[in-house]
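As structure tokens, this is what we get:
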């Protein structure tokens, strides 16, 4: 069972470059979300989705775009990377529509460095 | 939206019971309380979830008072492998589709 798969695991970007962090889950979960984790800040919600075609902003959405064309995939796009986006990014999914009731399954994380 | 407050860090000796408390004064009626464990370079992992009173599973207990404004994660007889960061998460009530983690509690178990 793959669960939640994130790619790439590591990435180095230059300021202004764009990239997409991929997230895929094979559990047929409706709820998916992206978090960033910075030292001393815990996990902060970037964007989330409660089903294909439906996305919404979380706590720190600026500088990031998402789309949900299929149930399985929830990519996170950085349009113009900035050093402030250096972080570890986690994707999570849940079988519950609201995400909070029940277990969130997390990927292993993607470590992004923006120079 | 319920935000959470936890102690930044705690130390405990092996074999002791550890209690980590989380404050969530603005919890909504339909919100759940969930605790996660995170090891370095890994994603958080579900430990336990509750709505009210007490919940127990094979690894932990969760105590929630009647007013639900706080919760306590109890880890019985901790071992070195329990050294990790523990997060309290509140949310999931009807209409509350976004979930917020706090800064977590770093538990260090000492031999």
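Chains as they are written, first to last, in our numbering: chain G, -17 to 97; chain B, 35 to 145.
From the three backbone atoms N, C-alpha and C, an ideal C-beta is built for every residue, glycine too.
Below-8 Å beta-carbon distance, residue i vs any chain B residue
i            : result
residue 24/G : yes
residue -8/G : no
residue 89/G : yes
residue 56/G : no
residue 94/G : no
residue 85/G : yes
residue 41/G : yes
residue 3/G  : no
residue 10/G : no
residue 61/G : no
residue -5/G : no
residue 27/G : yes
Pairwise C-alpha distance: residue j and residue i
i             : j             : result
residue 76/G  : residue 145/B : 36 Å
residue -8/G  : residue 74/B  : 15 Å
residue 88/B  : residue -2/G  : 50 Å
residue 121/B : residue 0/G   : 31 Å
residue 99/B  : residue 62/G  : 47 Å
residue 51/B  : residue 142/B : 13 Å
residue 56/G  : residue 84/B  : 28 Å
residue 9/G   : residue 82/B  : 20 Å
residue 106/B : residue -4/G  : 44 Å
residue 70/B  : residue 35/G  : 29 Å
residue 33/G  : residue 134/B : 19 Å
residue 138/B : residue 53/B  : 14 Å
residue 37/G  : residue 49/G  : 7 Å
residue 103/B : residue 41/G  : 22 Å
Boundaries (first-last residue) of the beta strand (DSSP E) holding residue i
i             : result
residue 80/B  : 79 to 84
residue 32/G  : 24 to 33
residue 102/B : Residue 102/B -> no beta strand (DSSP E), and no H or E assigned at all.
residue 125/B : 118 to 125
residue 36/G  : 36 to 39
residue 72/B  : 66 to 72
residue -9/G  : It is not in any beta strand (DSSP E) - residue -9/G carries neither H nor E in the DSSP assignment.
residue 59/G  : 58 to 60
residue 20/G  : 13 to 20
residue 144/B : 139 to 144
residue 52/B  : 52 to 57
residue 45/B  : 43 to 47
residue 93/B  : No beta strand (DSSP E) contains residue 93/B, which DSSP labels as neither H nor E.
Residue-chain proximity (residue i, chain G), Cβ-Cβ < 8 Å
i             : result
residue 148/B : Because chain B in this structure spans residues 35 to 145, residue 148/B falls outside the shown range and cannot be described.
residue 78/B  : yes
residue 84/B  : no
residue 137/B : yes
residue 114/B : no
residue 133/B : yes
Assigned exposure category for residue i - 16 Cβ within 10 Å defines buried
i             : result
residue 64/G  : exposed
residue 77/B  : buried
residue -16/G : exposed
residue 136/B : buried
residue 109/B : buried
residue 114/B : exposed
residue 91/G  : buried
* To do: Enumerate, from N- to C-terminal direction, the unbroken beta strand (DSSP E) stretches of 3 or more residues contained entirely within the region 70 to 96 of chain G.
  => 92 to 96
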